[in-house]
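Taking it in order: structure first as structure tokens, then the write-up.
Protein chains: 2
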Amino acid sequence: MGEKRQKRSSGNGDFTRNRVFEIAAEVFHRKGYDNTSMSDVASAAGLTKAGLYHHISSKESLLYTVLDYGLDLTEAYVIKPLEDISDPLDRLKTMIDLHLRLVLEERNLEVTGLLHECKTLSGSDRSRINRRKKEYIRMAASIIGEVTKKYNVKDVNPKLAAYALLGMLNWTYQWYKVSGSNTREEIVRTFQRIFLQGILGNAWIDRQAKVATH
Amino acid sequence: MGEKRQKRSSGNGDFTRNRVFEIAAEVFHRKGYDNTSMSDVASAAGLTKAGLYHHISSKESLLYTVLDYGLDLTEAYVIKPLEDISDPLDRLKTMIDLHLRLVLEERNLEVTGLLHECKTLSGSDRSRINRRKKEYIRMAASIIGEVTKKYNVKDVNPKLAAYALLGMLNWTYQWYKVSGSNTREEIVRTFQRIFLQGILGNAWIDRQAKVATH
DNA sequence: TCAGACCTACCGACCGATCGGTAGGTTAAC
DNA sequence: GTTAACCTACCGATCGGTCGGTAGGTCTGA
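Written as structure tokens, this is what we have:
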């Protein structure tokens, strides 16, 4: 947001367009999508409404772009890095870490926070977003399933556990303040402990004891 | 919702008013507050807009009433019953049970689900709602603190744990379907296990073993 | 090199629709 | 006849979106 205002010229279309997306994400997050008028977005971007509409086609498409970008972030910052981790428990532990770092980062929070209130999207747009969200849940449940299998935990439904975990992680946007008293590291540590000890029990406790003596 | 349409008459004011609140909660929940027009609420209640305004003073006050009622429900269905339970662990376990039963009940979901998107409220209304919400968080953290103290758990921050728990519980409104494959009982059992074993570890496992042999 | 065609980027003014809310009248019960 | 419970008809404001037009850069050909 610290970028200098560019002189009007041809050829910097993508620059302005991306700037519009960033600003729209911030304004939508701050005021809520429905409470944000296109004039609000325009003036926050240093444009008039007509000027804004030169870059986008509709308010809804603007929201869709922002939400889709939020899912791109999730893929880049969480899903992709996990592919390199072979041990299920390490993968799950890292997933909690990366997911929290994503949603607690101020710049990303503006985007990812919006993902939970996309009722406004209609038809195909909404189902495209929902499909990507469900894929993420599926991934989480799959990791949890591998972990419980490896440690022989029988009485945990992976899908339900995934819902519990995503609730813990995503709910942070309701209470986390960057300037608050909880550091990100403390949150990560606490949530990892609650969830992993929660599903694994003794297996987790033994492992922690082993790590401590090394 | 199954109530017969009443003939116009004097003296049934409270009846109609409460009906308006219930219907407004349902419509707000289904379409979102900002996307719901007062004509929508009115026609859902079998009134015209002017007729609706005979019973309420503004759209915002209507939302406030609904949210406040949601917190009344929480107090009646969760907070009050807990006061009779002296053992901290029992109290925490029961709280998870009651909270889930509250938010998974279709009729209440319409009201409690709205509590998470009250950005629209302005000034004193919002702070009044937020105060009651914070009181609930404080209560949860306090119970957790008692439990960890009793079982000598040192490395769990009760406030952070409370946020984790409320995340698990409240996030259900994002995925729970009454007709879905998970029964309420299964959800309650799983969430109790994950959270209680998550913060207590061996103490919880030992206790479960003891209960099983009795 | 320079005129002119063409482009992107943007603006002021405006549109139809819809919003929350109201003024003032009507009906029915007591 | 008073009053609660509604109605029809309307208001000003604001919404998402568009229109015609313009400033100024770029490309092309003579």
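Chains W and G supply the protein sequences, listed in that same order. Position 146 (the first sequence) corresponds to 146 in my numbering; numbering is contiguous. Position 132 (the second sequence) corresponds to 346 in my numbering; numbering is contiguous. Just so it is clear, CB atoms sit at the ideal spot from N, CA and C, and this is done for glycine as well.
Using beta-carbon distances, W:R128 does not count as an interface residue toward chain G, since no partner is under 8 Å. For W:G113, the CB contacts under 7 Å within the same chain, skipping 5 residues up- and downstream, are H29, Y173 in chain order. For W:E146, the closest Cβ of chain G is not nearer than 8 Å. Using a 10 angstroms sphere on the CB of G:N366, the tally of other CB atoms stays under 16, which defines it as exposed.
The CB of G:D248 comes closer than 9 Å to the CB of G32, Y33, D34, N35, T120 in chain W, given here in chain order.
Not a single CB atom of chain G sits nearer than 8 Å to the CB of W:I96. Neighbours of G:E289 in chain W, taken as residues whose beta carbon is under 9 Å from its own, are absent, since the nearest beta carbon is some 20 Å off.
By the C-beta density criterion, W:G198 is buried, having at least 16 other C-beta atoms within 10 angstroms. Against chain W, the CB of G:F242 has no partner CB under 8 Å away; the residue lies outside that interface. Taken in chain order, the whole alpha helix (DSSP H) runs of length 4 or more contained in the segment 344-394 of chain G are 372-384. Taking 8 Å as the upper bound for CB-CB distance, G:L410 and G:L306 are in contact here, some 7 Å apart. CA-to-CA, the gap between W:K31 and G:D282 works out to about 22 Å. For chain G, the residues of the segment 147-168 of chain W that bring a beta carbon within less than 9 Å of one of its beta carbons are D155, V156, N157, K159, L160, A161, Y163, A164, L165, L166, G167, M168, in chain order. In the structure shown, W:I194 falls within a helical segment according to DSSP collapsed to helix, strand and coil.
Per DSSP, G:Y247 is not a residue of any alpha helix (DSSP H), being assigned neither H nor E. An exposed status is given to G:A290, since fewer than 16 other beta-carbon atoms sit within 10 Å of its beta-carbon. Residue state for W:L114 is assigned as helix, using DSSP reduced to three classes. The continuous stretches of alpha helix (DSSP H) do not include W:L121, and DSSP gives it neither H nor E. Secondary structure of G:D298 (DSSP, three-state): coil. With contacts defined by Cβ atoms closer than 8 Å, W:I144 and W:L166 do not form a contacting pair.
Excluding its 5 nearest sequence neighbours in each direction, G:I343 has C-beta neighbours in its own chain below 8 Å: Y278, L281, D282, L285, L329, C332, L335, listed in chain order. Looking at the backbone, the Cα of W:T94 and that of W:K177 are separated by about 22 Å. In the structure shown, the three-state DSSP call for G:N322 is helix. With its beta carbon less than 8 Å from one in chain G, W:N170 belongs to the interface. Under a criterion of Cβ atoms nearer than 7 Å, the residues of chain G adjacent to W:I187 are, in order, L374.
Interface flag for W:N108 against chain G is unset, since no Cβ pair is found closer than 8 Å.
Rounded to whole angstroms, the separation of the alpha carbons of G:P372 and W:S179 is 19 Å.
According to the DSSP assignment, G:G284 belongs to the alpha helix (DSSP H) that extends over 273-288.
For G:N416, the chain W residues whose C-beta falls within less than 9 Å of its own C-beta are G201, N202, I205, listed in chain order.
Each of W:N202, W:N35, W:L169 was checked against the Cα of W:T148, and the nearest Cα belongs to W:N202. Secondary structure of G:N396 (DSSP, three-state): coil. Within the segment 388-412 of chain G, Q388, W389, Y390, S395, N396, E400, I401, R403, T404, F405, R407, I408, F409, L410, Q411, G412 place their CB atoms closer than 9 Å to a CB of chain W, listed in sequence order.
Remark: three or more beta-carbon pairs, one from each stretch, lie closer than 8 Å, so the segment 96-111 of chain W and the segment 16-29 of chain W are flagged as touching. Annotation: Cβ neighbours of W:E117 in chain G (cutoff 7 Å, chain order): E331. Take G:I408, set aside five residues on each side of it, and the residues of its chain with a beta-carbon closer than 8 Å to its own are M382, in chain order.
The C-beta distance from G:Y247 to W:W171 rounds to 20 Å, too long to meet the 8 Å contact threshold.
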